[in-house]
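Colleague:
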Amino acid sequence: MKYPDLRLFIDGEWVMTGRSAPVLDPATEEILGHVPLASTADLDRAVRAAVRGFEAWRNTPIAERTAILHRAADLLAERADRVATVMTSEQGKPWKEARGEVQRVAGALRWDAEDARRAYGRIIPSAGDTVLSVRHEPVGPVAAFTPWNFPAGSPMRKMAGALSAGCSIVIKASEETPGAAVEIVRCFAEAGVPAGALNLVFGEPAEVSEHLIAAPEIRLVAFTGSVPVGKLLAARAGAEMKPSLMELGGHAPVIVCADADPVRAARKAAFAKFVNAGQVCTSPSRFLVHSAVHDEFLDAFVAAAEGIVVGDGRDEGVTMGPLANPRRLKAMEELVADAVSRGAMVVTGGERLDRPGFFFAPTVLTDVPADARVMVEEPFGPVAPIVPFDDLDEALHVANSLPYGLAAYGFTRSSKTAEKLISGLEAGILSINHCGGSVHEAPSGGVKQSGYGKEGGPEGVEAYLITKRVSHLLVD
Ligand code: NAD
39 MKYPDLRLFI DGEWVMTGRS APVLDPATEE ILGHVPLAST ADLDRAVRAA
89 VRGFEAWRNT PIAERTAILH RAADLLAERA DRVATVMTSE QGKPWKEARG
139 EVQRVAGALR WDAEDARRAY GRIIPSAGDT VLSVRHEPVG PVAAFTPWNF
189 PAGSPMRKMA GALSAGCSIV IKASEETPGA AVEIVRCFAE AGVPAGALNL
239 VFGEPAEVSE HLIAAPEIRL VAFTGSVPVG KLLAARAGAE MKPSLMELGG
289 HAPVIVCADA DPVRAARKAA FAKFVNAGQV CTSPSRFLVH SAVHDEFLDA
339 FVAAAEGIVV GDGRDEGVTM GPLANPRRLK AMEELVADAV SRGAMVVTGG
389 ERLDRPGFFF APTVLTDVPA DARVMVEEPF GPVAPIVPFD DLDEALHVAN
439 SLPYGLAAYG FTRSSKTAEK LISGLEAGIL SINHCGGSVH EAPSGGVKQS
489 GYGKEGGPEG VEAYLITKRV SHLLVD
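Residue 314 in my numbering is what sits at position 276 of the sequence shown, and the numbering runs on without skipping anything.
1) Quick check: what's the CA-CA separation for P185 versus I161?
2) Among G349, K210, D153, M54, which one has its Cα closest to the Cα of G204?
3) Can you tell me whether T78 sits near the ligand NAD, meaning its C-beta is under 7 Å from at least one heavy atom of the ligand?
4) Work out the CA separation of K506 and Y490 for me, nearest whole Å.
5) Within its chain, find whatever has a CB closer than 6 Å to the CB of A253; leave out the 5 residues flanking it on each side and keep chain order.
6) How close, in whole Å, do the beta carbons of T55 and L46 come, if the pair is a contact with beta carbons under 8 Å?
7) How about A260 and S282: are their beta carbons less than 8 Å apart?
8) Please report the straight-line C-alpha distance between L250 and K454, rounded to a whole angstrom.
9) Report yes if the C-beta of S247 is less than 7 Å from at least one heavy atom of the ligand NAD; otherwise report no.
10) So what does DSSP say about M39, is it helix, strand or coil?
11) With a threshold of 7 Å, establish whether the CB of A290 neighbours any heavy atom of the ligand NAD.
12) Using 10 angstroms around the beta-carbon of D392, count the other beta-carbons present and answer buried if the total reaches 16, otherwise exposed.
13) According to DSSP, what are the bridge partners of G448?
14) In this structure, how does DSSP classify K210 when only helix, strand and coil are distinguished?
15) Look at the Cβ atom of V239, then the Cβ atom of A76, and state whether they are nearer than 8 Å.
16) I'd like to know whether the C-beta atoms of Q141 and A111 end up nearer to each other than 8 Å.
17) Would you tell me roughly how many angstroms separate the C-alpha atoms of S16 and I504, rounded to the nearest one?
18) By DSSP, does I106 sit in helix, in strand, or in coil?
19) Residues in the same chain with beta-carbon distance under 7 Å from R155, minus the five sequence neighbours each way, listed in chain order, please.
20) Output the boundary residues of the alpha helix (DSSP H) element that contains V265.
21) Report yes if the CB atom of L444 is closer than 8 Å to the CB atom of A422, and no otherwise.
22) Anyone know if the C-beta pair for A382 and T404 falls short of 8 Å?
23) With distances taken Cα to Cα, identify the nearest neighbour of H435 among A272, N314, D337, P291.
24) Pick helix, strand or coil for H478, following the three-state DSSP scheme.
25) Within the present structure, is the beta-carbon of P243 separated from the nearest heavy atom of the ligand NAD by less than 7 Å?
26) Among the candidates I48, L440, L459, whose CA atom is the shortest distance from the CA of I209?
27) Around the Cβ of T320, are there at least 16 other Cβ atoms within 10 angstroms (buried) or fewer (exposed)?
28) Cutting at 7 Å between CB atoms, please list the residues of its own chain near L511, excluding the five before and the five after it.
29) Just to confirm my understanding: we take E248, look at its own chain, exclude 5 residues before and 5 after, and list those with CB closer than 8 Å. What are they?
30) Need the endpoints of the alpha helix (DSSP H) that V347 sits in, please.
31) Considering only the alpha carbon of each residue, which of L70, A88, K40 lies closest to E51?
32) Do T262 and S192 have their C-beta atoms within less than 8 Å of each other?
33) Using CA atoms only, rank isn't needed, just tell me which of F226, K486, E135 is closest to W95.
34) Specify the secondary structure class of E175 as computed by DSSP and reduced to three states.
35) Any chance you could list the beta strand (DSSP E) runs of at least 3 consecutive residues sitting entirely within the stretch 92-173, in chain order?
36) Please look up how many angstroms separate the CB atoms of E139 and F183, rounded, as I've assumed it's under 8 Å.
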């Protein structure tokens with residue numbers, strides 16, 4: 039497979055720049071290509087193009103806009119195999135997982151495109167000769183920033199929401215996984231999205247975000263990534279009084295109650311834990327298991343972890359690839375060392391694999407004290423701390439004790455206990471008796487320091503709309 043020719047996409051043209059950074063294959067550490075980095079002049083051109091693109095796109099009749107977006111989804115679905123190969127080479131996830139991601143994002147685009155057709159306003163009964171109405175309009179040019187863990191999913195969520203709503207967008211996808219974003223933008227361009235409505239840039243992240251957020255033409259900021267960077271960008275946006283959408287990290291608790299089936303719960307939780315090598319913002323990452331079922335859960339969880347085939351995501355049969363970059367590898371080594379120094383036991387894994395690439399073994403820790411870093415910091419990798427509890431209120435207290443609130447999971451056979459978990463867990467995304475992933479038709483997003491704003495469902499398009507109250511006095 040030839041890795042794509044990486045370019046910026048500004049005002050309908052693929053452009054090179056004077057600076058670049060290497061893109062690594064995390065399974066081999068070889069250089070796949072070079073990603074061009076934008077200068078401030080490139081960013082200014084992208085913003086100017088987005089202003090013109092916004093006028094063209096918002097004035098394109100909704101039926102035509104929707105048809106173009108469906109065409110882009112069709113092109114992407116047709117190219118799913120190729121885009122998946124690009125994604126696996128730059129991010130590491132197994133090819134089937136990557137292909138599933140591409141197919142899902144084509145579906146997400148279709149959903150948002152259809153949902154935008156239903157951005158109904160309303161007429162409100164009012165006195166006399168006045169027609170009082172509420173209308174929704176696209177907010178304007180959007181600046182978006184996306185990370186490397188879902189090289190197709192994350193950029194598409196932003197592009198689909200913004201474009202469906204009628205906005206233009208300047209998106210900075212990850213410099214570490216630029217190929218999938220380039221392939222997606224190619225589909226939109228070929229489908230007929232007008233020049234300037236969609237612009238793709240790469241660059242020095244802080245330089246790009248600083249410049250784009252400050253640009254007066256940019257009306258909304260959308261970010262997916264870590265809590266510290268999200269706080270920084272939200273503060274920048276706030277200083278300009280711009281609305282922002284912040285999809286940040288979490289540290290998702292899993293509560294397994296005494297009445298749950300421990301083997302079933304362990305299999306489902308382990309699958310969700312190790313998918314994408316644990317580099318998912320909603321990954322279950324703190325396992326609180328009732329003492330009555332703890333040992334059975336642990337045995338089944340360890341068996342599932344040991345059944346994972348770690349290797350190059352391009353190889354048939356591999357179920358977990360490398361970590362996406364050396365930072366995650368170092369972070370896993372540090373989290374495990376810290377936990378062990380405080381008395382934790384490594385039941386399985388615990389080390390990087392002795393081969394080139396950023397491979398880390400699926401890891402299970404027990405006897406982990408509450409103050410171990412892995413219990414309070416988002417691991418964002420294949421490390422699972424499992425701790426027992428005796429009292430459900432105490433487990434809920436531990437689950438809610440962190441400043442994050444993205445995802446949470448509960449396992450129980452009792453509907454009463456399930457309701458207690460649903461109302462008691464501080465999280466924006468909850469799953470009971472399984473570890474569900476995100477779906478097009480319902481919103482995903484966090485509470486507390488995990489951010490604000492939603493992606494998916496009607497809320498995902500609404501986020502890119504403004505509301506106008508119109509009071510129209512009828513005159514002759
Ligand atoms: P990081 O905080 O340096 O970067 C996270 C993302 O933000 C990257 O894509 C990066 O390019 C971008 N970024 C960094 N500084 C930026 C800036 N000033 N302006 C705009 N974008 C900026 O960390 P990392 O090492 O890439 O990832 C590690 C942590 O990030 C993980 O521990 C995890 O918590 C978090 N993360 C979360 C998500 C998510 O989906 N919520 C995705 C990826 C990473």
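We treat Cβ as the ideally placed atom computed from N, Cα and C, and that holds for glycine.
Modeller: Looking at the atomic coordinates:
1) Pairing P185 with I161, the inter-Cα distance amounts to about 41 Å.
2) Out of G349, K210, D153, M54, D153 has the C-alpha closest to the C-alpha of G204.
3) Checking the 7 Å criterion, the Cβ of T78 is out of range of every heavy atom belonging to the ligand NAD.
4) Approximately 22 Å, taken between the alpha carbons.
5) Setting aside the 5 residues that flank it on each side, A253 is surrounded in the same chain by V85, each with a C-beta closer than 6 Å to its C-beta; the list follows chain order.
6) With a beta-carbon spacing of about 7 Å, T55 and L46 fall inside the 8 Å limit used to define contacts.
7) In contact: A260 and S282 (Cβ atoms closer than 8 Å).
8) In this structure, the alpha-carbon of L250 lies about 49 Å from that of K454.
9) Checking every heavy atom of the ligand NAD against the Cβ of S247, one is found closer than 7 Å.
10) M39 falls in the coil class under three-state DSSP.
11) For the ligand NAD, no non-hydrogen atom lies closer than 7 Å to the CB of A290.
12) Its Cβ having fewer than 16 others within 10 Å, D392 is exposed.
13) I293, I470, per the DSSP bridge assignment.
14) Here K210 sits in strand by DSSP.
15) Yes, they are a contact pair.
16) Result no, Cβ atoms of Q141 and A111 do not sit closer than 8 Å.
17) There is no way to answer for residue 16, as the model of the chain reaches only from 39 to 514.
18) I106 falls in the helix class under three-state DSSP.
19) Within the same chain, and ignoring the five residues on either side of R155 in sequence, the residues whose Cβ sits closer than 7 Å to its Cβ are I100, T104.
20) V265 -> alpha helix (DSSP H) spans 265-277.
21) Not closer than 8 Å, so no.
22) The answer is yes: Cβ separation under 8 Å.
23) The shortest C-alpha separation from H435 is found at P291.
24) Residue state, collapsed to three classes: coil.
25) Closer than 7 Å to some heavy atom of the ligand NAD: that describes the Cβ of P243.
26) Answer by Cα proximity: I48.
27) Its Cβ being crowded by 16 or more others within 10 Å, T320 is buried.
28) Take L511, set aside five residues on each side of it, and the residues of its chain with a beta-carbon closer than 7 Å to its own are D167, T168, in chain order.
29) These residues qualify, in order along the chain: R274.
30) From DSSP, V347 is part of no alpha helix (DSSP H); its letter is neither H nor E.
31) Ranking L70, A88, K40 by Cα distance to E51 puts A88 first.
32) Going by C-beta atoms, T262 is nearer than 8 Å to S192.
33) Distance from the Cα of W95 is smallest, within the candidate group F226, K486, E135, for F226.
34) In the structure shown, E175 sits in a strand (DSSP, three-state: E or B).
35) Runs found: 160-162.
36) Wrong, their Cβ atoms sit about 19 Å apart, outside the cutoff.
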